[in-house]
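Residue numbers (our numbering): 5 to 249.
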Amino acid sequence: MSAAGEPWRGPVLVTGTDTEVGKTVVTAAVAAAAQAAGLRVGVVKPGQTGTVTGEPTDTETVTRLAAPLTARTLASFPDPLAPLAAARVAGLEPLELYAAVDAVREEAGKHDLVLVEGAGGLLVPMGLRPSGEPWTMADLAVALGAPAVVVARAGLGTLNHTALTLEALERRAVPAGVVIGAWPAEPELVHWANLTDLVPHLLGALPAGAGAMDPGVFRRSAPGWLTPALYGVLDDWRAWAEDAG
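Have a look at this one:
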């Protein structure tokens, strides 16, 4: 499905080109926009790592910003590592693929839209299959038959990272689109050039600092950052980018 397609329902994965690209805030924005459109929205975080830091978890952040009907984390690990590595280091059981599949399907039976936020990039090891082999968010998308939102950076290097992620999803027949996780307040030439190249794939773009907004302002603003495929109203990228900058 393209950025111009019908709005996505059921399970939708939110992955990224890398870590720290804005997946959690994008998840919250999609949840807020969908709820504003009248949908029942659930959020599932299969693997949360870094709990030892004491910082808010991704589920807590999404709940604060968007207040979805349901938000749950399936497995948590103390160290800020990939989920499978974090489970191994902590001596904890890793998350099994079909346990994650069953949990997401359970939530899909109760909600119109279930956002499943990954950890790091698309091919980060999340846990183990029954065979003992690692699984990734790409595997989860295939198992669920779900499309994927790819959260990308605005700056230098994003075209390569985004193209590689989209190609990996296309090879698995997973529909996908892109959301820019943080559009800078003072965009430079590279940002404008990247925006032009990414437009055919774009489902949305968030202004830098969106996660620090008052939750009420965030929820009212979210539809303006997203295209109709993600329950937004955005259709003029140039005007949006100029306003956001």
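Using N, Cα and C, we set each Cβ at its ideal position, and we do this for glycine too.
Cβ neighbour criterion (16 or more within 10 Å) applied to residue i
i      : result
Arg223 : buried
Leu199 : buried
Pro15  : buried
Ala189 : exposed
Glu246 : exposed
Leu101 : buried
Ser135 : exposed
Lys27  : buried
Gly122 : buried
Asp143 : buried
Thr23  : exposed
Pro60  : exposed
Pro129 : buried
Ala137 : Inspection of the sequence shows that residue 137 is occupied by Glu rather than by Ala. Flag for Glu137 reads exposed.
Gly181 : buried
Ala177 : exposed
Ala197 : exposed
Pro72  : buried
Glu174 : exposed
Ala160 : A small fix is needed here, since residue 160 is Leu in this sequence, not Ala. That one is exposed.
Met5   : The predicted position of Met5 is uncertain, since its pLDDT is 38 and thus under 50; no value can be drawn from it.
Pro87  : buried
Glu171 : exposed
Asp62  : buried
Boundaries of the alpha helix (DSSP H) in which residue i is found, first to last residue
i      : result
Ala94  : 87-94
Arg76  : First-last for Arg76: 74-80, but that is the beta strand (DSSP E), not the alpha helix (DSSP H).
Tyr102 : 101-112
Under 7 Å between C-beta atoms of residue i and residue j
i      : j      : result
Trp187 : Gly208 : no
Pro179 : Ala104 : no
Ala145 : Ala152 : yes
Trp241 : Val203 : yes
Leu132 : Pro82  : no
Val258 : Thr169 : In this structure the chain extends from 5 to 249, so residue 258 is not present and cannot be described.
Arg44  : Asp106 : no
Arg77  : Gln52  : For the record, residue 77 in the displayed sequence is Thr; it is not Arg. Yes. Within cutoff.
Ala36  : Ala89  : no
Gly215 : Gly125 : no
Leu17  : Met217 : no
Gly250 : Val48  : The requested residue 250 is not part of the displayed model; the chain covers only 5 to 249.
Val118 : Gly46  : yes
Ala226 : Ala75  : no
Pro84  : Gly58  : no
Ala150 : Thr166 : no
Where the beta strand (DSSP E) containing residue i begins and where it ends
i     : result
Leu17 : 14-20
Residue i, DSSP secondary structure in three states
i      : result
Glu121 : strand
Ala41  : coil
Gly51  : strand
Leu69  : helix
Leu234 : helix
Gly228 : helix
Gly220 : helix
Any non-hydrogen atom of the ligand COA within 6 Å of residue i CB
i      : result
Asp218 : Judged by which ligands are present, the structure shown has none, so any question about the ligand COA falls away.
Exercise for the section: Ignoring anything shorter than 4 residues or poking outside the stretch 128-182, list the alpha helix (DSSP H) runs there in chain order. Expected result: 141-148, 162-175
Problem - Runs of alpha helix (DSSP H) lying entirely within the stretch 183-217, each at least 4 residues, in chain order - result: 193-202
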